[in-house]
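Asks:
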Amino acid sequence: MREFLVRITTTVPEGVSEEEADRRRAAEAVRAAELAASGRLGRLWRPVGEPASVGLWRAADEEELYAEVLGTLPLHDWMTFEVTPLTSHPNDPHPEEAHPENAKRAGA
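For the sequence shown, our numbering assigns the number 18 to the initial residue and increments by one for each residue that follows.
#1: If you draw a straight line from the alpha carbon of GLU45 to that of ASP94, how long is it in whole angstroms?
#2: Find the nearest neighbour of PHE21 within the set GLU67, GLY56, VAL65, VAL33, judged by alpha-carbon distance.
#3: Looking at PRO91 and ARG60, is the spacing between their C-beta atoms short of 8 Å?
#4: Could you have a look at ALA123 and say whether DSSP puts it in helix, strand or coil?
#5: Smallest Cα separation from VAL23: which of LEU73, ASN108, HIS106, PRO112?
#6: Taking the runs of the beta strand (DSSP E) that are 3 residues or longer, which of them lie wholly in the segment 37-124?
#7: Report the partner residues of VAL23 according to the DSSP bridge assignment.
#8: Using the rule of at least 16 other Cβ atoms within 10 Å of the residue's Cβ for burial, across every protein chain shown, is LEU82 buried or exposed?
#9: Using only alpha-carbon positions, find the residue among ASP78, VAL65, ARG19, ALA69 that is nearest to VAL29.
#10: For LEU58, collect the residues of the same chain with a Cβ closer than 7 Å to its Cβ; drop the 5 residues on either side in sequence, then sort them by chain order.
#11: Would you tell me roughly how many angstroms separate the C-alpha atoms of SER34 and THR89, rounded to the nearest one?
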């Protein structure tokens, strides 16, 4: 699976009730937990002072990322996504943590 750094900004549209927004946020938390359990969501951060999140997401390719991962988030139609595909860096101090499957193949 490929890894993607995704910056997500969520904007609740005008006219949406607080109850609807709260319902979707609760559903979002459930879906995020499911995606984490399946390995699709690796990490999630909130930049200090910003109404956004930055996450490490996994999918076979960018098409699958949108169709089967980000597009399944209950808030997706209120979100904008900035997607950066990632690849390994030769100076990564912990490549086995980022890609444990590589450590197993190398006999570690």
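Cβ coordinates follow ideal geometry from the N, Cα and C atoms, glycine included.
Replies: According to the structure data:
#1: Here residue 45 is taken as the residue at index 28 of the sequence shown, counted from 1. Here residue 94 is taken as the residue at index 77 of the sequence shown, counted from 1. Each residue's alpha carbon lies about 12 Å from the other.
#2: In the sequence shown, the residue the question calls residue 21 occupies position 4. Cα-wise, what sits closest to PHE21 is GLY56.
#3: As a position in the sequence shown, residue 60 is number 43, starting the count at 1. As a position in the sequence shown, residue 91 is number 74, starting the count at 1. Cβ atoms of ARG60 and PRO91: not closer than 8 Å.
#4: For the purposes of this step, residue 123 is taken as the residue at position 106 of the sequence shown. Summary for ALA123: the model assigns pLDDT 43, below 50, so the residue's position carries little reliability, and this model does not support an answer.
#5: Counting from one through the sequence shown, the residue named residue 23 turns up at place 6. Looking at the Cα atoms, LEU73 is the closest of the given residues.
#6: 58-62, 69-76, 96-103
#7: Counting from 1 along the sequence shown, the entry for residue 23 is found at position 6. GLY72, VAL100, per the DSSP bridge assignment.
#8: Start at 1 with the first residue of the sequence shown, and residue 82 comes out as number 65. Buried is the call here.
#9: Counting from one through the sequence shown, the residue named residue 29 turns up at place 12. Closest option to VAL29, Cα to Cα, is ALA69.
#10: As a working mapping, residue 58 is identified with position 41 in the sequence shown. Here the set comprises ALA49, LEU52, GLY72, TRP74.
#11: Walking along the sequence shown from the start, residue 34 turns up at place 17. Walking along the sequence shown from the start, residue 89 turns up at place 72. Distance between the alpha carbons of SER34 and THR89 is about 22 Å.
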